[in-house]
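In the UniProt record's numbering, the protein residues as written are 1 to 313. Built from N, CA and C at the ideal position, the CB exists for glycine as well. For clarity, every value in this text was computed on a predicted model and none was experimentally measured. Here's the structure we're looking at; comments come further down.
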């Protein structure tokens with residue numbers, strides 16, 4: 001073995017050791033944040049408690065065109081934009097039927113006030129079918145589907161537990177009756193990216209504060225995916241959470257973990273209470289769910305140094 005080869009081999013070994021050290025460090029810190037939030041009794045995390053619990057919650061401003069209005073660093077999701085969403089294929093009978101069912105929810109509301117369960121089920125039906133069932137008009141990369149979920153290179157998880165939520169976290173995630181995960185997506189295998197998309201249902205009325213269940217769900221997915229053998233060379237697990245609340249309200253959360261702690265960026269609520277609000281807001285929501293998965297999830301600097309002048313992408 002030449003001295004040059006030994007030198008390069010030694011550098012590679014050192015880099016791998018350093019990588020594992022940083023991964024171990026972030027897992028320890030993330031676990032501590034999870035334990036602190038899990039022991040927090042309140043349903044909502046007050047702003048003055050965020051720092052104590054290791055949470056950085058930032059407002060995420062969203063334009064009517066479906067883009068970020070903020071210059072976030074680092075950034076892991078780049079919205080598609082409402083004007084770039086492939087149109088519905090109205091020649092497809094199933095798609096026409098789905099569209100009819102969704103619009104009926106706003107055009108012909110029932111004569112009695114819908115229960116909270118009805119509200120959540122109707123809205124998540126509209127979101128799920130718009131994203132991963134309705135056919136769209138675009139050139140197929142593969143022959144079996146023309147949905148937005150395939151267009152955005154997402155694959156629906158077979159089972160949220162244990163694929164996204166390890167069994168050790170079943171109780172804090174599935175135990176509370178007020179909130180629960182509903183849909184889970186992971187990046188297509190060929191991308192080899194740890195980005196994750198998740199939808200949750202919450203029976204509470206919308207509240208601008210961050211909820212304990214939102215933070216816990218995000219952390220459990222991060223811990224589960226980081227501890228799995230799927231991404232041994234990744235240090236960051238970016239999460240997009242579509243948080244559905246009673247009252248036909250939805251907000252988008254984008255999250256990652258860095259040296260500061262659990263960083264969560266949350267949008268204002270998008271209303272789906274009536275047709276005039278729901279149609280444009282569905283396009284905004286689809287723009288975010290179809291985001292391009294970006295960012296350097298291998299970079300150790302995100303867990304050792306945050307430099308706002310140097311985007312980690």
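I'd like to check one pair, residue j with residue i: are the Cβ atoms closer than 9 angstroms?
i: residue 70; j: residue 260; result: no
i: residue 36; j: residue 54; result: yes
i: residue 248; j: residue 119; result: yes
i: residue 239; j: residue 256; result: yes
i: residue 196; j: residue 171; result: no
i: residue 204; j: residue 62; result: no
i: residue 85; j: residue 148; result: yes
i: residue 80; j: residue 135; result: no
i: residue 283; j: residue 117; result: no
i: residue 262; j: residue 33; result: yes
i: residue 314; j: residue 161; result: The requested residue 314 is not part of the displayed model; the chain covers only 1 to 313.
i: residue 77; j: residue 214; result: no
i: residue 151; j: residue 290; result: yes
i: residue 50; j: residue 216; result: no
i: residue 198; j: residue 164; result: yes
i: residue 185; j: residue 156; result: yes
i: residue 43; j: residue 158; result: no
Go through its chain and collect everything with a Cβ distance to residue i's Cβ below 8 angstroms, but skip five positions before and after it.
i: residue 25; result: 303
i: residue 311; result: Confidence at residue 311 is low in this model, with a pLDDT of 40, below 50, so the placement of that residue should be treated as unreliable; the coordinate-derived value is given next. Cβ within range, chain order: 73, 74, 75.
i: residue 31; result: 223
i: residue 22; result: 235, 300, 303, 304
i: residue 167; result: 161
i: residue 142; result: 150
i: residue 8; result: Below a pLDDT of 50, predicted positions are generally treated as unreliable, and residue 8, at 47, falls in that range; no measurement from the model is reported.
For residue i, which residues does DSSP report across the bridge?
i: residue 314; result: Because the chain in this structure spans residues 1 to 313, residue 314 falls outside the shown range and cannot be described.
i: residue 199; result: 183, 242
i: residue 156; result: 185
i: residue 136; result: 88
i: residue 205; result: 246
i: residue 221; result: According to DSSP, residue 221 bridges with nothing at all.
i: residue 62; result: 68
i: residue 56; result: 263
Looking only at its chain, what residues have a beta carbon closer than 6 angstroms to the beta carbon of residue i, apart from the 5 residues adjacent to it on each side?
i: residue 169; result: 220
i: residue 245; result: 202, 206
i: residue 297; result: 194, 234, 236
i: residue 132; result: 147, 149
i: residue 6; result: Summary for residue 6: the model assigns pLDDT 47, below 50, so the residue's position carries little reliability; its value from the coordinates is reported in the next sentence. The answer is none, since no qualifying residue turns up.
i: residue 64; result: none
i: residue 66; result: 79, 81, 82, 284, 287
i: residue 137; result: 86, 87, 89
Take residue i and list the residues in its own chain whose beta-carbon comes closer than 7 angstroms to its own, dropping the five residues that flank it on each side.
i: residue 128; result: 183
i: residue 107; result: 275
i: residue 278; result: 106, 272
i: residue 153; result: 187, 188, 191
i: residue 180; result: 174, 200, 201
i: residue 20; result: none
i: residue 308; result: The pLDDT assigned to residue 308 is 45, lower than 50, so where the model puts this residue is not dependable, and the model offers no usable value.
i: residue 313; result: For residue 313, the pLDDT reaches just 38, beneath the cut-off of 50, and the residue's location in the model is therefore unreliable, although a value from the coordinates is still provided. Within the same chain, residue 313 has close Cβ partners 74, 75, 294, 295, 296.
Counting only beta-carbon atoms, is residue i nearer than 9 angstroms to chain C?
i: residue 15; result: As a matter of chain content, chain C is missing from the structure shown, which is built from one protein chain.
- Message: I'd like to know if the region 270-286 and the region 220-234 are in contact, where contact means that at least 3 CB-CB pairs between them fall below 8 angstroms.
- Response: no
- For the region 235-296, list the beta strand (DSSP E) runs that are entirely contained and at least 3 residues long, ordered along the chain. 239-246, 249-258, 261-267
- When the Cβ atoms of the region 244-258 are set against those of the region 83-100, are three or more pairs found closer than 8 angstroms? Contact annotation: the region 244-258 does not touch the region 83-100, with fewer than three C-beta pairs closer than 8 angstroms.
- Task: Entirely within the region 99-144 and at least 4 residues each: give me those alpha helix (DSSP H) ranges in chain order.
- Result: 116-132
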